[in-house]
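Worksheet for the structure shown next.
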Amino acid sequence: MILVTGGAGYIGSHCVLSLLENKQEVVVFDNLSTGFQETIDELKKIGNLKFIKGDLSKKEDLNSLFENYKIDSVFHFAAFSQVKESVLNPQKYYSNNVSGTINLLEAMIKNNVKKIVFSSTAAIYGEVQYVPIDEKHIQKPMNPYGKTKLMIENILDDYDNAYGVKSVRLRYFNVVGADIKKRIGERHNPETHLIPNVLKSTFNDARPFEIYGNDYNTKDGTCIRDYINIEDLIDAHLKALKYLENGGKTDFFNLGNAQGYSVKEVFEICKKVTEKDIQFNINKRREGDPEKLVADNKKAKEILNWNPKRNLEYGIKAAYEWEKKLQGGLKNA
Ligand code: UFG
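For the record, in the sequence shown the residue sitting at position 194 is 867 according to our numbering, with numbers rising by one throughout.
The following block contains the structure:
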């Protein structure tokens, strides 16, 4: 059985969906602090899914999880992930993300579970020295969120040396899209991300979309990001688990499309997809936003045999279909 922590959240739930479609038995462990019960209910329709509402801070929750289910490997998504909040409340981040992971690893070791795929981030690189960013880029995260993810990556190295826990750390760039059949999708409260915010603004004339800064040193003055489709991202997770099952060594990989889009370019694609004349205001820069983040993804292609296939327009279309469903009623559920 495969354990997915944070399986009620955006990325975790898409991983569960894919595992279930591949006829795997899955147990989700999630405290529902940022994930949704409706997501679990939807996933339960697809396959053999058990759900445990539990918290990584509670060792008794983890002990009973590992006692009750025969777990072979772990996908670890459960974490807080808002950069701004992490600056304002670092205690919440160090406690949940770092201590929570240590508790999870303790339970794994106790139960002889030695394979983990960990959800890391491009935020561990910090101030960008060059693009595209490869895995050798200096790691100097600029905020507590990125620091917690880097700390866990370091802990995972030490736990391999000492206890033989094998890990794959996947460093995500910007994730876009939703299940193409609209069963699940991105849902944050509050929503801070670019694409869902542009799409949401098409449902609310009173709230034009805000672009954070047009004075960056880029082609049109707005920030550049690398958008990786959620289905391609999850495909890399399944390949990472296969890699560990085949005896692969502990390693880490960037997951991005190796292609940069400016905020204005994203905005234009959203206009094309929605066929709406979306309004925007130029606001001041958002603190801590790097100018340009683009992945070098060669390592994942070579070692995991991964090949991202979906373009940004495809991801935005899927996100728009999902947003329509959210606006149609799920919103206040
Ligand atoms: N942006 C806007 N308006 C908005 C929202 C975003 O102009 O309403 C801009 C941002 O300034 C940024 C770009 O759109 O330039 C992308 O912003 P997102 O918030 O969608 O994503 P980030 O690049 O800030 O964040 C992502 C992940 C984080 C991760 C971070 C690493 O979502 O988890 O990359 O830098 F920490």
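From the three backbone atoms N, C-alpha and C, an ideal C-beta is built for every residue, glycine too.
1) Excluding the 5 residues flanking E800 on each side, which residues of the same chain have their C-beta closer than 8 Å to its C-beta?
2) So the alpha helix (DSSP H) T712 belongs to, where does it begin and stop?
3) Can you name the start and end residues of the beta strand (DSSP E) that S792 belongs to?
4) Is N870 near ligand 1 - that is, is its Cβ less than 7 Å away from at least one heavy atom of it?
5) Cβ of V962 versus every heavy atom of ligand 1: is any distance shorter than 7 Å?
6) Which of the three DSSP states, helix, strand or coil, is assigned to E883?
7) First and last residue of the alpha helix (DSSP H) that includes D831?
8) Under a three-way DSSP split, which group does Q892 fall into?
9) Helix, strand or coil for T652, going by three-state DSSP, please let me know.
10) Would you say Y818 touches ligand 1, meaning its beta carbon is less than 7 Å from a heavy atom?
11) Does the beta-carbon distance from H861 to C688 come in below 8 Å?
12) Do C896 and ligand 1 come close, with the Cβ less than 7 Å from some heavy atom?
13) Could you give the distance in angstroms between the alpha-carbon of E1012 and the alpha-carbon of H749?
14) Note down, in chain order, each residue of its chain lying with its Cβ closer than 7 Å to the Cβ of T865, except the 5 sequence neighbours on either side.
15) Under the DSSP definition of a beta bridge, which residues are partnered with L735?
16) In whole angstroms, what separates the C-alpha of G773 from that of N704?
17) If you draw a straight line from the alpha carbon of T821 to that of C896, how long is it in whole angstroms?
18) Is the separation between the beta-carbon of I955 and that of S874 shorter than 8 Å?
19) Over what stretch of residues does the alpha helix (DSSP H) that includes T875 continue unbroken?
20) Where DSSP assigns a beta bridge to N635, which residues make up the other side?
21) Kindly examine ligand 1 and report whether one of its heavy atoms sits closer than 7 Å to the Cβ of I884.
22) Taking F750 as part of the beta strand (DSSP E), name the residues at either end of that continuous run.
23) Is it the case that the Cβ atoms of V841 and D924 are separated by a distance below 8 Å?
24) Please indicate yes or no: does the CB of A913 lie closer than 7 Å to some heavy atom of ligand 1?
25) Less than 7 Å between the CB of V804 and some heavy atom of ligand 1, yes or no?
26) Give me the Cβ distance between F876 and Q1000, rounded to the nearest whole Å; I'm assuming they're in contact under 8 Å.
27) Run the proximity test for A796: is its beta-carbon closer than 7 Å to any non-hydrogen atom belonging to ligand 1?
28) Could you please give me the residues that DSSP links to F702 through a beta bridge?
29) Using the rule of at least 16 other Cβ atoms within 10 Å of the residue's Cβ for burial, across every protein chain shown, is E904 buried or exposed?
On the basis of the supplied data:
1) As a working mapping, residue 800 is identified with position 127 in the sequence shown. Setting aside the 5 residues that flank it on each side, E800 is surrounded in the same chain by K813, M815, P963, each with a C-beta closer than 8 Å to its C-beta; the list follows chain order.
2) Numbered from its first residue, the sequence shown carries residue 712 at position 39. 710-717 is the span of the alpha helix (DSSP H), which, as asked, contains T712.
3) Counting from one through the sequence shown, the residue named residue 792 turns up at place 119. Element bounds for S792: 788-794.
4) The residue given as residue 870 occupies position 197 in the sequence shown. Indeed, a heavy atom of ligand 1 lies less than 7 Å from the Cβ.
5) Locating residue 962 in the sequence shown gives position 289, where the first residue counts as 1. In the sequence on display, residue 962 carries Asp and not Val. Correct: D962 has its Cβ closer than 7 Å to ligand 1.
6) Residue mapping note: residue 883 aligns to position 210 of the sequence shown, counting from 1. The answer is strand: DSSP assigns E883 an E or B state.
7) As a working note, residue 831 is residue 158 in the sequence shown. For D831, the enclosing alpha helix (DSSP H) starts and ends at 817-836.
8) Residue 892 sits at position 219 when you count from the first residue of the sequence shown. For the record, residue 892 in the displayed sequence is Lys; it is not Gln. Note: K892 maps to coil in three-state DSSP.
9) The question about residue 652 has no answer here: the residues shown for the chain are numbered 674 through 1006.
10) For the purposes of this step, residue 818 is taken as the residue at position 145 of the sequence shown. Checking every heavy atom of ligand 1 against the Cβ of Y818, one is found closer than 7 Å.
11) Sequence index remark: in the sequence shown, residue 861 carries index 188 (1-based). Sequence index remark: in the sequence shown, residue 688 carries index 15 (1-based). Against a cut-off of 8 Å, the Cβ pair of C688 and H861 comes out as no contact.
12) To locate residue 896, count along the sequence shown from 1; it is residue 223. C896 Cβ: within cutoff of ligand 1.
13) The requested residue 1012 is not part of the displayed model; the chain covers only 674 to 1006.
14) In the sequence shown, counting from the first residue as 1, residue 865 sits at position 192. Contacts found: Q755.
15) One-based indexing of the sequence shown puts residue 735 at position 62. Looking at the DSSP assignment, L735 forms no beta bridge with any residue, so it has no partner.
16) Sequence index remark: in the sequence shown, residue 773 carries index 100 (1-based). Sequence index remark: in the sequence shown, residue 704 carries index 31 (1-based). Their Cα atoms are separated by approximately 12 Å.
17) Indexing the sequence shown from 1 puts residue 821 at position 148. Indexing the sequence shown from 1 puts residue 896 at position 223. So the alpha carbons of these two residues sit roughly 24 Å apart.
18) As a working note, residue 955 is residue 282 in the sequence shown. As a working note, residue 874 is residue 201 in the sequence shown. No, the pair does not count as a contact, with Cβ atoms beyond the cut-off.
19) Translated into positions along the sequence shown, residue 875 becomes position 202. T875 -> no alpha helix (DSSP H), and no H or E assigned at all.
20) Outside the modelled stretch of the chain, which goes from 674 to 1006, sits residue 635, for which no answer is possible.
21) Here residue 884 refers to the residue found at position 211 of the sequence shown. Yes - ligand 1 has a heavy atom lying nearer than 7 Å to the Cβ of I884.
22) Reading the sequence shown from its first residue, position 77 is the one you call residue 750. Element bounds for F750: n/a, residue is neither H nor E.
23) Residue numbering aside, residue 841 sits at position 168 when the sequence shown is read from its first letter. Residue numbering aside, residue 924 sits at position 251 when the sequence shown is read from its first letter. It is a contact, given that the beta carbons lie within the stated cut-off.
24) Here residue 913 corresponds to residue number 240 of the sequence shown, with the count starting at 1. No; taking the cut-off as 7 Å, the Cβ of A913 has no heavy atom of ligand 1 nearer than that.
25) Counting from 1 along the sequence shown, the entry for residue 804 is found at position 131. V804 Cβ: outside cutoff for every heavy atom of ligand 1.
26) Locating residue 876 in the sequence shown gives position 203, where the first residue counts as 1. Locating residue 1000 in the sequence shown gives position 327, where the first residue counts as 1. The pair is a contact, with the Cβ atoms about 5 Å apart (cut-off 8 Å).
27) Stepping through the sequence shown from its first residue, residue 796 is reached at position 123. Indeed, a heavy atom of ligand 1 lies less than 7 Å from the Cβ.
28) By one-based count along the sequence shown, residue 702 stands at place 29. Beta-bridge pairing links F702 to T678, I725.
29) Taking the first residue of the sequence shown as 1, we reach residue 904 at position 231. Around the beta-carbon of E904, 16 or more other beta-carbon atoms lie within 10 Å, marking it buried.
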